[in-house]
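Trainee: Got a structure for you, written out below as structure tokens; questions coming shortly.
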Amino acid sequence: MKIGLLTNEIPPIVYGGVATWILNFLDMFRDDDDIEIIPVFLAQLDEPPADFSERYPGIRIIHGPDDVKNAFADLDACINNLWVAFDTTRTIKETFQDKLMISVCHSLIKMEHITNMGGPITSNYFEQEITFQYSDIVVLISKAEKKHYISFGYDKYGSVPHVIYNSYKPKLDDEPWRPDYDLNDVGYIGRHVPRKRPDLPIFAVERSQRKDIRVFNMGVDYRGVQGNPFWEELGRKHPKQLIIIPFSSNKETAHFYWNSIGANSITGIYEPFGYTMCETLDRRVPAIVQNIDGPSEITANVQDSVFIYNVDQDFSKDVDNFLLALQKFWDTHPDDRRAMAEHARTALDDFRPEVIKLKWKDILLHTEPKEIKGLQGRHSKQGIPQKTDKGYGGGGYNY
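Last residue of the sequence shown: 527 (the working numbering), numbering continuous.
Written as structure tokens, this is what we have:
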């Protein structure tokens with residue numbers, strides 16, 4: 129069976145969660161006896177570099193609708209990872225109604241729109257809704273994500289929703305590196321958007337009034353001449369406690385971060401899965417994690433070995449909630465922290481590629497495409513999210 133893996137996010141064009149998923153998926157099916165995965169890149173916005181064919185053998189390039197027929201003619205199915213290029217999804221399905229179309233929902237854009245306080249980047253979430261209409265199956269990456277999907281009425285489009293978690297291949301099974309369990313410093317690593325709550329640790333430490341704790345924050349984005357006034361002000365306010373590390377893909381910088389913290393913070397009010405959660409467990413670093421969405425599902429079987437805080441969504445209340453978990457971490461002996469982190473790491477067994485691959489093969493080998501009728505140009509205009517009086521973030525973010 130030959131499968132086209134459609135994306136517009138792939139290194140070095142784009143780095144991030146989707147790109148990581150693409151690379152993991154290609155690796156997961158490499159040398160499989162039943163299924164061949166062929167990457168298909170939509171060059172709608174970004175022209176691929178000259179060495180793309182060397183990086184990704186067999187890759188096919190789509191520049192527009194005219195390229196769709198040649199790219200998919202000999203393929204049996206498409207695994208679609210686009211959410212803004214709904215016209216491409218529609219063209220593929222209308223051209224090849226007999227081919228299976230599976231769309232992977234890496235996040236619900238309507239949820240992104242709500243939890244990132246709106247904005248032009250996510251205001252076109254209806255395009256993702258059109259993509260769902262032209263899909264035979266929509267793969268959600270957590271049970272919580274499926275609940276959100278159904279709550280928005282997307283299950284009425286006829287696409288069958290399935291939950292398949294992201295795969296994560298542990299990198300430190302045999303690595304002798306271990307964190308310093310005596311450290312009480314705390315950190316956040318990742319993107320800086322309102323829903324991620326990257327400022328929660330520093331505000332919690334501030335409220336604790338402990339002056340002996342440092343907060344390492346990696347991922348701050350300084351763009352253009354404006355810089356990042358919000359984090360610059362926090363840095364001036366906490367010159368000895370807040371260590372700001374700008375966004376970087378440099379491995380040495382990442383190693384510095386992980387070697388500096390005693391616990392990693394998995395914060396946020398919306399997180400479909402959570403690669404950072406997996407990496408924290410992989411590194412055997414104590415984790416302070418929210419009780420919602422993907423991270424809570426990843427740690428479902430090891431709840432006694434991570435430090436959980438309740439998400440209220442009101443920012444000030446969540447500072448208190450996070451601080452309670454942080455104080456529990458501080459009160460835990462280093463030997464117990466080590467034992468907890470070792471046990472917590474066993475949660476990754478459920479997400480190893482060999483486990484997730486079986487779930488994908490079951491869908492790919494045993495699903496027939498549905499017939500798409502009369503969906504041209506239809507999309508939902510209802511349920512547009514309204515801002516509430518609850519504080520979804522601490523403020524001062526750059527997009």
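Note that the Cβ used here is the ideal one computed from N, Cα and C, for glycine as well.
How would you label V483, buried or exposed, when you count the other beta carbons within 10 angstroms and need 16 or more for buried?
Mentor: Classification for V483: exposed.
Trainee: Using CA coordinates, which residue listed in C233, P193, M245 is at the minimum distance from K221?
Mentor: Checking every option, the nearest Cα to that of K221 belongs to P193.
Trainee: Apply the 10 Å Cβ neighbour rule to K120 and answer buried if 16 or more other Cβ atoms are within range, or exposed otherwise.
Mentor: Residue 120 lies beyond the range of the chain shown here (129 to 527); nothing can be said about it.
Trainee: By the DSSP assignment, the alpha helix (DSSP H) with M468 in it spans what residues?
Mentor: Where M468 is concerned, the enclosing alpha helix (DSSP H) stretches over 462-472.
Trainee: L328 and T395 - do their beta-carbons sit closer together than 8 Å?
Mentor: Yes, these two residues count as a Cβ contact at 8 Å.
Trainee: When you compare only the Cα positions, how much space is there between R473 and S181?
Mentor: Using only the alpha carbons, I get a separation of about 36 Å.
Trainee: Output the distance between the C-alpha atoms of Y398 and D421, rounded to the nearest integer angstrom.
Mentor: Going by the C-alpha atoms only, they are around 7 Å apart.
Trainee: May I have the straight-line CA-CA distance separating D301 from E407, to the nearest angstrom?
Mentor: Taking the straight line from one Cα to the other gives about 12 Å.
Trainee: Quick one: Cα of R465 to Cα of V168, how far?
Mentor: So the two alpha carbons sit approximately 44 Å from each other.
Trainee: Smallest Cα separation from Y253: which of L236, V146, Y262?
Mentor: Nearest C-alpha to Y253: L236.
Trainee: Taking 8 Å as the cut-off, decide whether the C-beta atoms of S295 and V266 are in contact.
Mentor: No, the Cβ-Cβ distance between S295 and V266 is not below 8 Å.
Trainee: Decide yes or no for the touch test of the stretch 343-360 against the stretch 368-384: beta carbon pairs closer than 8 Å, at least 3 of them.
Mentor: A contact exists between the stretch 343-360 and the stretch 368-384.
Trainee: Taking the beta strand (DSSP E) that P167 falls in, what are its first and last residues?
Mentor: It spans 164-170 - the beta strand (DSSP E) in which P167 sits, taken as one unbroken run.
Trainee: Is it true that the stretch 331-339 meets the stretch 446-463, where meeting means three or more beta-carbon pairs spaced less than 8 Å apart?
Mentor: Output reads yes: the stretch 446-463 touches the stretch 331-339.
Trainee: Just the Cα atoms here: how many angstroms apart are Q261 and G281?
Mentor: Cα-Cα distance, rounded: 12 Å.
Trainee: Looking at the structure shown, is Q354 part of a helix, part of a strand, or coil, going by DSSP?
Mentor: Q354: coil per DSSP, three-state reduction.
Trainee: When DSSP labels each residue in this structure, what does T289 get in the three-state scheme?
Mentor: The sequence shown places Pro at residue 289, rather than the Thr named in the question. Correct three-state label for P289: strand.
Trainee: Counting Cβ pairs, one atom from each stretch, are 3 or more of them under 8 Å apart for the stretch 375-394 and the stretch 309-317?
Mentor: Verdict: yes, contact present.
Trainee: Could you pull out every unbroken beta strand (DSSP E) segment of at least 3 residues lying fully inside the stretch 177-201, listed in chain order?
Mentor: The qualifying runs are 188-190.
Trainee: Opposite I230 in the DSSP bridges: which residues?
Mentor: Looking at the DSSP assignment, I230 forms a beta bridge with I207, I265.
Trainee: Can you give the Cα-Cα distance for Q337 and E273, rounded to whole angstroms?
Mentor: Near 37 Å, if we compare the C-alpha coordinates of E273 and Q337.
Trainee: Just how far apart, CA to CA, sit P462 and R306?
Mentor: Cα to Cα, the separation comes out at about 12 Å.
Trainee: Verify whether the separation of the beta carbon atoms of L228 and P497 is less than 8 Å.
Mentor: Yes, the Cβ-Cβ distance between L228 and P497 is below 8 Å.
Trainee: What number of angstroms, rounded off, separates the C-alpha of D349 from the C-alpha of E240?
Mentor: Rounded to whole angstroms, D349 to E240 spans 19 Å at the Cα level.
Trainee: Please work out which residues of its chain come closer than 8 Å, Cβ to Cβ, to A475, disregarding the five sequence neighbours upstream and downstream, and give them in chain order.
Mentor: So the qualifying residues of the chain are L409, I426, T427, A428, N429, V430.
Trainee: Can you give me the Cβ contacts of N419 inside the same chain, cut-off strictly under 8 Å, excluding the 5 residues immediately before and after it?
Mentor: Taken in chain order, the residues that qualify are I436, Y437, N438, V439.
Trainee: Looking at the strands, I want to know which residues DSSP matches up with T135.
Mentor: According to DSSP, T135 bridges with F169.
Trainee: How about L134 and I207: are their beta carbons less than 8 Å apart?
Mentor: A contact, by the Cβ cut-off of 8 Å.
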